[in-house]
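Visitor: Each protein sequence line maps, in turn, to chains A and B.
Reminder that position 89 of the first sequence reads as 89 in full-length UniProt numbering, one-by-one numbering, no gaps.
Reminder that position 9 of the second sequence reads as 9 in full-length UniProt numbering, one-by-one numbering, no gaps.
Just so it is clear, CB atoms sit at the ideal spot from N, CA and C, and this is done for glycine as well.
Given the structure is predicted, the values throughout are model-derived calculations rather than measurements.
The structure under discussion is supplied below as structure tokens; questions concerning it will follow.
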Amino acid sequence: MRDRQASQGARRAREFEAFVAGAAGRLLHAATLLTAEPPTDNPRARRLLTLALAHTYASWDRLRGEDPYDRTRQQLAVRFARGAWHQYGRFRPAPASVLAGLSPQERLIVVLRLYEGVAEEQTAALLGLPVERVRTICARAMATLLHPPRRPASAALEAEVAPS
Amino acid sequence: MSRHEREAAVRRMLERTPPPVPPELYGDALRRGGRMLRRRTAARRLMWLVLLAAVVAFLVWASMTRPWVEPPSDTTPPVSGW
Chain A
1 MRDRQASQGA RRAREFEAFV AGAAGRLLHA ATLLTAEPPT DNPRARRLLT LALAHTYASW
61 DRLRGEDPYD RTRQQLAVRF ARGAWHQYGR FRPAPASVLA GLSPQERLIV VLRLYEGVAE
121 EQTAALLGLP VERVRTICAR AMATLLHPPR RPASAALEAE VAPS
Chain B
1 MSRHEREAAV RRMLERTPPP VPPELYGDAL RRGGRMLRRR TAARRLMWLV LLAAVVAFLV
61 WASMTRPWVE PPSDTTPPVS GW
């Protein structure tokens with residue numbers, strides 16, 4: 001009994017190590033895009049990914065053919081969404097990041113839809129939003145990314161209001 | 001620009017500058033995951049233990065009080081002789 005458990009543990013650790021070696025780079029990039037941190041200094045992204053990977057490791061024996069990458073990405077997205085809700089306004093996105101101009105929800109949808117290539121329906125189901133809403137947010141975020149506003153939004157608003 | 005071109009442009013923006021993977025990531029995840037797994041195993045064992053204790057307690061109580069046996073009547077005296 002104990003032998004079997006030990007060999008199962010060793011096998012799990014081996015498989016998990018191979019999985020992390022293959023997937024960590026891409027997942028860490030996705031996490032860093034989510035948290036909008038600069039690529040070389042990303043403590044929040046690392047923490048997020050470590051927790052998501054730990055969860056995948058803990059449920060490794062119960063995956064039953066499910067893709068561990070999918071599972072980890074799902075964990076990452078859900079944890080980020082939950083964390084963004086609790087930590088609203090506590091973190092300023094670093095200007096060095098590509099997605100610094102977007103809100104956390106926009107970043108989440110852009111990363112899932114465009115970087116990870118998750119289908120609209122699956123993204124909507126994962127985040128508990130209607131599909132149309134996901135499409136709208138994604139389009140708006142893409143417009144912001146491709147045609148970045150020259151000034152911060154608040155300054156532009158003031159400039160518009162002031163002359164009248 | 002068509003929608004596909006715009007999506008491709010955004011994808012290219014996102015693919016730039018991948019962060020370096022820290023070497024301690026695997027170890028940390030393994031440690032935390034192992035702890036999670038041990039906690040889950042312990043919780044499952046505790047649950048089974050509590051369930052077993054509850055079943056044993058119920059059986060002991062049932063065998064002592066025998067709730068299925070009709071209690072002897074102590075208000076009506078036994079009717080006899082008519």
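Within 10 angstroms of its Cβ, does methionine 142 (chain A) collect 16 or more other Cβ (buried), or is it exposed?
Guide: Burial call: buried.
Visitor: Taking the alpha-carbon positions, what's the leucine 63 (chain A) to glutamine 8 (chain A) distance?
Guide: Whole-angstrom Cα-Cα distance: 14 Å.
Visitor: Can you give the Cα-Cα distance for arginine 71 (chain A) and leucine 59 (chain B), rounded to whole angstroms?
Guide: One C-alpha to the other measures close to 44 Å.
Visitor: Taking only the alpha-carbon atoms, compute the straight-line gap between threonine 41 (chain B) and proline 95 (chain A) and give it to the nearest angstrom.
Guide: Roughly 44 Å between the two C-alpha positions.
Visitor: For serine 80 (chain B), I'd like the list of residues in its chain whose CB is within less than 8 Å of its CB, leaving aside the five on either flank, ordered along the chain.
Guide: Here the set comprises nothing.
Visitor: Please report the residue range of the alpha helix (DSSP H) in which aspartate 3 (chain A) lies.
Guide: Counting along the chain, the alpha helix (DSSP H) containing aspartate 3 (chain A) begins and ends at 2-35.
Visitor: Grab me the residues of aspartate 74 (chain B)'s own chain with a C-beta within less than 7 Å of its C-beta, minus the 5 sequence neighbours each way, in chain order.
Guide: Once the five neighbours on either side are set aside, aspartate 74 (chain B) has no close Cβ partner at all.
Visitor: Using CA coordinates, which residue listed in A:Pro130, A:Ala119, A:Leu108 is at the minimum distance from alanine 30 (chain A)?
Guide: Ranking A:Pro130, A:Ala119, A:Leu108 by Cα distance to alanine 30 (chain A) puts A:Leu108 first.
Visitor: Rounded to the nearest angstrom, what separates threonine 35 (chain A) and glutamine 75 (chain A) at their Cα positions?
Guide: One C-alpha to the other measures close to 15 Å.
Visitor: Give me the Cα-Cα distance between leucine 157 (chain A) and proline 149 (chain A), rounded to the nearest whole angstrom.
Guide: Confidence in leucine 157 (chain A) is poor, its pLDDT being 47 and thus under 50, which makes the residue's placement unreliable; the coordinate value appears in the next sentence. Near 12 Å, if we compare the C-alpha coordinates of proline 149 (chain A) and leucine 157 (chain A).
Visitor: How big is the Cα-Cα spacing for alanine 54 (chain A) and arginine 31 (chain B)?
Guide: The straight-line gap from Cα to Cα measures roughly 8 Å.
Visitor: By how many angstroms is the C-alpha of alanine 45 (chain A) removed from the C-alpha of glutamate 24 (chain B)?
Guide: Going by the C-alpha atoms only, they are around 14 Å apart.
Visitor: Between histidine 86 (chain A) and arginine 39 (chain B), what straight-line distance do the alpha-carbon atoms span, to the nearest angstrom?
Guide: Taking the straight line joining both Cα atoms gives about 26 Å.
Visitor: Counting beta carbon pairs with one atom in the segment 20-30 of chain A and one in the segment 7-19 of chain B, are three or more of them shorter than 8 Å?
Guide: Contact holds: three or more Cβ-Cβ distances are below 8 Å.
Visitor: Could you pull out every unbroken alpha helix (DSSP H) segment of at least 4 residues lying fully inside the UniProt domain "RNA polymerase sigma-70 region 4" (98-145) of chain A, listed in chain order?
Guide: The UniProt domain "RNA polymerase sigma-70 region 4" (98-145) of chain A contains these whole alpha helix (DSSP H) runs: 104-110, 120-127.
Visitor: Our contact map puts leucine 129 (chain A) next to alanine 77 (chain A) with C-beta atoms below 8 Å; I'd like the distance itself, whole angstroms only.
Guide: Not quite, the Cβ-Cβ distance comes to about 12 Å (not below 8 Å), so this is no contact.
Visitor: I'd like to check one pair, glutamate 120 (chain A) with valine 111 (chain A): are the Cβ atoms closer than 9 Å?
Guide: No.
Visitor: Starting from the C-beta of threonine 123 (chain A), find all residues in its chain whose C-beta is less than 7 Å away, skip the five residues before and the five after it, and write them out in chain order.
Guide: Around threonine 123 (chain A): Ile109, Leu112, Arg113, Val134.
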